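A.B. asks: Would you mind keeping the following structure in view while I ask a few things?
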Amino acid sequence: MEQKSLYHQKTYNHTLERIGRLTTNSRPQWGKMDVGQMLAHCAEVLDVSNGKPLQNTPFVARLFKGYIKKMVVGPKPYPKNTKTHPQYLQTGYKDFEEEKQHLLKALARLKQTEGDPIEHTLFGVLSKEEKGWAMYKHLDHHLVQFGV
């Protein structure tokens with residue numbers, strides 16, 4: 050079976066359709082984030098993948114960056130309630146529609162820059178395959194979390 054990627058049109062379209070099924074009433078099956086926070090979290094991860102600097106990385110994360118990269122680009126799904134980078138934490142109120150539009154714009158930027166090399170602040174250069182899969186895997190994890 051071919052690995053999914055946000056660079057594959059069918060996977061990209063299906064992901065957009067899943068995001069479209071989210072509502073302000075969508076509730077998580079695990080975790081602490083509400084749907085607005087989840088959308089903001091996913092948009093921030095995509096923004097970093099699109100070239101935004103990742104800042105204030107804890108020393109321990111820098112020390113274990115090779116292991117973390119293997120977890121991010123590897124085939125195993127993320128465990129529930131996995132700790133995230135401080136920049137990706139979302140607390141407080143996040144407007145659902147605003148964050149949904151932010152996420153959709155970040156996805157469109159990812160698709161537009163398909164194949165452009167990206168130097169990730171923590172992981173170094175990610176291949177097109179690694180980036181397309183990693184961004185799908187992360188987004189899928191959170192869409193499943195919210196039942197879509």
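Residue 50 is where the sequence shown starts when you use this note's numbering, and the numbers rise one by one after that.
Each residue gets a CB set at the ideal place from its N, CA and C atoms; glycine is no exception.
Just so we're clear, the structure is a prediction, and the values are computed from it rather than from any experiment.
(1) CA-CA distance, glutamate 168 and lysine 180?
(2) Reducing DSSP to helix, strand and coil, say where proline 85 ends up.
(3) I need the DSSP call for leucine 220, collapsed to helix, strand or coil.
(4) State whether the region 176-191 contacts the region 124-134, with contact taken as three or more CB pairs (one from each stretch) at a distance under 8 Å.
(5) In the structure shown, what three-state DSSP assignment does leucine 95 receive?
(6) Looking at C-alpha atoms only, which residue of Gln139, His134, Thr73 and Gly69 is the closest neighbour of proline 102?
(7) Does DSSP put histidine 134 in a helix, in a strand, or in coil?
(8) Give the straight-line distance between the Cα atoms of alanine 92 and phenylalanine 108, rounded to the nearest whole angstrom.
(9) Under 8 Å by Cβ, that's how I've got leucine 88 and lysine 143 pegged, so tell me the actual separation to the nearest angstrom.
(10) Considering only their Cβ atoms, is the gap separating phenylalanine 145 from threonine 73 smaller than 8 Å?
(11) Going by C-alpha to C-alpha distance, which of Asn62, Lys118, Val193 and Arg67 sits closest to threonine 170?
(12) Taking only runs that begin and end inside the region 114-192, name each unbroken alpha helix (DSSP H) of 4 or more residues, in chain order.
(13) Rounded to whole angstroms, what's the CA-CA distance from glycine 18 to lysine 177? Just pull it up for me.
C.D. replies: The relevant details are as follows:
(1) Answer to the nearest angstrom: the Cα atoms are 11 Å apart.
(2) This sequence places glycine at residue 85; proline is not what is there. Correct three-state label for glycine 85: helix.
(3) The question about residue 220 has no answer, for the chain in this structure spans 50 to 197.
(4) yes
(5) helix
(6) His134
(7) coil
(8) Cα atoms of alanine 92 and phenylalanine 108: separation of roughly 24 Å, rounded to the nearest angstrom.
(9) Indeed, because the Cβ distance is near 7 Å, the residues count as touching under 8 Å.
(10) yes
(11) Closest option to threonine 170, judged by alpha-carbon separation, among Asn62, Lys118, Val193 and Arg67: Lys118.
(12) 114-122 and 145-161
(13) Given that the chain is displayed from residue 50 to residue 197, the structure contains no residue 18 and the question cannot be resolved.
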